[in-house]
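Written out below as structure tokens is the structure these notes cover.
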Amino acid sequence: MEEDCCATQLIYGDGEFNADGLDRFVKEVKLAECGVSYGVVAIVGPQSSGKSTLQNHLFNTKFREMNANSVRSQTTKGIWIAKCVGIEPCTIVMDLEGTDGRERGQDDTAFEKQSALFALAVSDIVLINIKGYSNYALIINAPQPELMRQEMFKRSLDEQDKPFLETFFQVMMRFSFPRKTMLMFVIHDNSKTPFQHWHPGLRKFILNIWNGVPKPQAYKSTRFSDFFSEEVVVMSSYEEKEKFKEEVAQLRQRFSHSISPGGFAGDRRGVVPASGFSFSAQQIWKVIKENKDLDLQAHKVMVATVRCEEIANQKFNQLINDGGWLALKEAVQIGPVQGFGKRLSSIVGTYLSEYDTEAIYFDEGARNSKRQLLESKALDFVYPAYMTMLGHLHSKALEDFKVRLEESLNKIEGFTSSVRTCTQSSMLEFDEGCADAAIHQANWDSSRVRKKLQRDIDAYVSSVCSAKLSKLNGNYEEQLSASLTGPVEALLETGGKDTWASIRKLLNLETEFTISKFSAAVADFELDKETIAKLLQHLRDYSRNVVEKIAREEATKIMIHMKDRFFTVFNYDCDSMPRVWTEKVDIRSITKDARSASMKLLAVMAAIRLDEKPDNIEKVLFSTLMDGIVNVSSSQDRRIGASADPLASSTWEEVSLENTLITPVQCKSLWVEFKTETEYSVIEAISVQEAYKRSNNWLPPPWAIMVMVVHGFNQFMLLLK
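Following this line, the structure appears as structure tokens:
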């Protein structure tokens, strides 16, 4: 199938740019795939000079041609574009409207200048089509001297081509940073004048026009060769078809690989990558239409910036919708993903590589800048997934630490060594996971999550340590409580003289023994001295509190203990045998002893004496309650008695309030109650003793015996008889 040149009008006759048409043309000829391996050829020249005809034969295009039988008129309006068929690499050709058309008027050169400037800005090769005449050859072959012949040649060219060339060179001054363009002068000659006669005169003619064009200060000393390379091609006219086609075929071969070194445009510079050609052409025409100076270097950067941004946005959108990324994102929401970093690096790297490939021919500064933005944007986009992955690694490492620590402690391994080993294992596991999750495009810092993991491990260790210490402390508290409760209760119930001394000794022995065992147990926790001191002090305080609690509980039962003590002493002898209330038993003395024993018990229970401070509680109680109680009747005597009564107080001398178990007033009240409740037993004992006496005294009184003897003597004697 014959390849289509896809001829498209690029700029309409009214100067409107056909952007949609150019975009379609670029897609149809697949220009964007060419990178910088493409060329652009434009042809300019006077109207009806055969520009379209030359291009159609030279490049196999299908531009509209003028009918040779009609009147000379405008054939091409505006600028047309087409692909050269059969020429490699891809070559784009533009056919420009004639420069001297009557249709626009003799003075309307605006579009002529704009189109010429546009052709220079976008083309690598510009064909300048010149239609020669036979009188040129006559002038050249005339026998006049050389100077006269050149002057006549110049006058002949001035008639048609000088205005066009002056316009062409003038617009060149509009470039702030011109590109180097190949100018190919194609002369159609009806004569048989040899090429060597054309070239010298034409070159001098062109240079004269160049030198005569007004130049800005920046280009005053610029040479023609700085802007252009030139070539002169002399061809037969189209009327000599066979000769014309043969010459066209030869020239066509030279256009193959025209942009390669040694080709027509081998030394070109400032090439816009093919993917940016459409945008570049639009912007150049926009600047030209606005009658602004055309800075090709700035334009090149601008085109690169826009195109690279478009490419970057395209790659970013592709990344967002990438199937692999979406699957990875979904997977990491559920749990940790093995090979996360490698997979994510591959996905991100793919689109960065595609960007590099598509933007490789654009300006380096703009390209690198947009690549950095694309990379930054892509990394910001995937960063939350990375943080989610780190979150999973953190959770897994923490849970594994808890399991390892529990297993280690269940094996009765040391707490600190277990914590150290398990921590190292979990942190290593986390670090390996972070290394697997990292991507080579970014140096993301996982230290914050790592520090959080360390803090969470430390917090968990602290809680476990606290729980273990609390449990350990509780066990030793139970041991202290068990070892103190029974003996202390027994000592308090005994209520002897050395009760509190014995309690203090017991407390000290049990506390120090427990503290010694506890210190050995907590040694593996590697606690600081201050913490250990607090724990030991806690046990000391606890043991003291146990004793105080027992004492306070026993103090609430003092009446029971006093009565038990009283009845024990009162009802049983020193051999613990029940007493028999015979007449020989001194009930009063026994009662006093029993009450004295109960009084001593009350004195013992009146206050806590763990600090080994002396007090007068027992002495005050005995002197007040046992030695005698003053019965006061009158109110005045009551006031005197109250002030003289040492038990009329709520505190004991030399005993702090917190160590007071039974106040003096309470002791007095308890004693009255105690006597009341034990008085019956004393009275009953006395009654029993009296009854015992009566049962052992059954003989009548002596006087009765005497009476009986006197009155019964006679009967006794009678009986004897």
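For the record, in the sequence shown the residue sitting at position 403 is 403 according to UniProt numbering, with numbers rising by one throughout. Cβ coordinates follow ideal geometry from the N, Cα and C atoms, glycine included. Values in this document were obtained by computation on a predicted structure and should not be read as measured data.
By the DSSP assignment, the alpha helix (DSSP H) with residue i in it spans what residues?
i	result
PHE570	558-571
GLN55	51-59
LYS83	Not the alpha helix (DSSP H): LYS83 falls in the beta strand (DSSP E), residues 79-83.
LEU398	364-410
ILE288	277-289
THR624	Taken as a continuous stretch (DSSP letters only), THR624 belongs to no alpha helix (DSSP H), as it is neither H nor E.
LYS505	499-522
GLY21	19-28
Since residue i and residue j are thought to touch, with beta carbons under 8 Å apart, how far apart are those beta carbons, to the nearest angstrom?
i	j	result
LEU398	CYS434	No, LEU398 and CYS434 are not in contact; Cβ-Cβ is about 14 Å, not under 8 Å.
ILE11	ALA121	Not a contact, Cβ separation roughly 13 Å.
ALA378	PHE316	6 Å
ASP436	PHE340	6 Å
ILE130	GLY270	No, ILE130 and GLY270 are not in contact; Cβ-Cβ is about 27 Å, not under 8 Å.
VAL522	LEU506	About 24 Å separates the two Cβ atoms, so there is no contact after all.
ILE128	PHE185	5 Å
TYR351	LEU319	5 Å
Measure from the alpha carbon of residue i to the alpha carbon of each residue in the options, then state which is nearest.
i	options	result
LEU491	ARG504, VAL40, LYS215	ARG504
LEU409	SER446, GLY365, CYS465	CYS465
LYS204	ASP615, THR181, GLU230	GLU230
GLY35	LYS77, PHE362, LEU647	PHE362
PRO273	VAL382, SER48, SER123	SER123
ILE81	GLY98, ASP436, ILE43	ILE43
SER519	LEU509, ALA331, LEU625, LEU535	LEU535
VAL234	GLU88, ARG694, GLU690, GLN250	GLN250
GLY15	GLN297, ASN291, LYS471, SER669	ASN291
ALA359	SER346, GLU247, LEU374	LEU374
ASP593	GLU612, ILE686, PHE567	PHE567
ARG371	LEU610, ARG420, GLU310, PRO487	GLU310
ASN368	SER353, PHE381, ASP380	SER353
LYS51	SER417, VAL348, THR76	THR76
MET182	PHE228, ALA218, LYS329	PHE228
LEU207	LYS215, PHE224, ALA218, VAL585	PHE224
GLN47	GLY323, LEU670, LEU96	LEU96
Go through its chain and collect everything with a Cβ distance to residue i's Cβ below 8 Å, but skip five positions before and after it.
i	result
SER650	THR663, PRO664, VAL665
GLY212	GLU166
THR91	TYR38, GLY39, VAL40, VAL41, PHE59, LYS83, CYS84, PHE255, SER258
SER260	GLY266
THR514	TYR476, GLN479, LEU480, SER483, LEU539, SER543
THR8	ASN18, GLY21, LEU22, ARG24, PHE25, TRP80, ILE81, ALA82
HIS394	PHE430, VAL449, LYS452, LEU453, ASP456
ILE617	ALA603, ALA606, ALA607, TRP652, VAL655
Does residue i come out as helix, strand or coil in the three-state DSSP assignment?
i	result
MET94	strand
HIS188	strand
ILE311	helix
MET577	coil
ILE125	strand
LEU647	coil
TRP444	coil
VAL655	coil
TYR38	strand
ALA265	coil
VAL233	strand
VAL44	strand
ILE662	coil
PHE63	coil
GLN338	coil
LEU536	helix
ILE439	coil
LEU117	helix
Within the same chain, show all residues whose beta-carbon is closer than 6 Å to that of residue i, passing over the 5 residues directly before and after it, in chain order.
i	result
ALA597	ARG565, VAL569
PHE674	MET562
THR582	TYR692
ASP615	GLU654, VAL655
ARG343	LEU328
For residue i, which residues of its own chain have a beta-carbon under 7 Å away from its beta-carbon, when the five flanking residues on both sides are left out?
i	result
ALA366	VAL301, ALA304, THR305, CYS308
THR499	LEU491, LEU492, VAL604
residue 761	Only positions 1 to 721 of the chain appear in this structure, which leaves residue 761 out of reach.
ASP400	SER426, GLU429
residue 768	The structure shown does not extend to residue 768, since the chain is modelled only from 1 to 721, so the question has no answer here.
So that I know if they touch, is there some Cβ in chain B lying closer than 8 Å to that of residue i?
i	result
GLU33	No chain B appears in the structure shown, which is made up of a single protein chain.
What residue does the beta strand (DSSP E) around residue i start on, and which one ends it?
i	result
LEU10	8-11
Kindly examine the ligand NAD and report whether one of its heavy atoms sits closer than 7 Å to the Cβ of residue i.
i	result
CYS308	This structure simply doesn't include the ligand NAD, nor any ligand for that matter.
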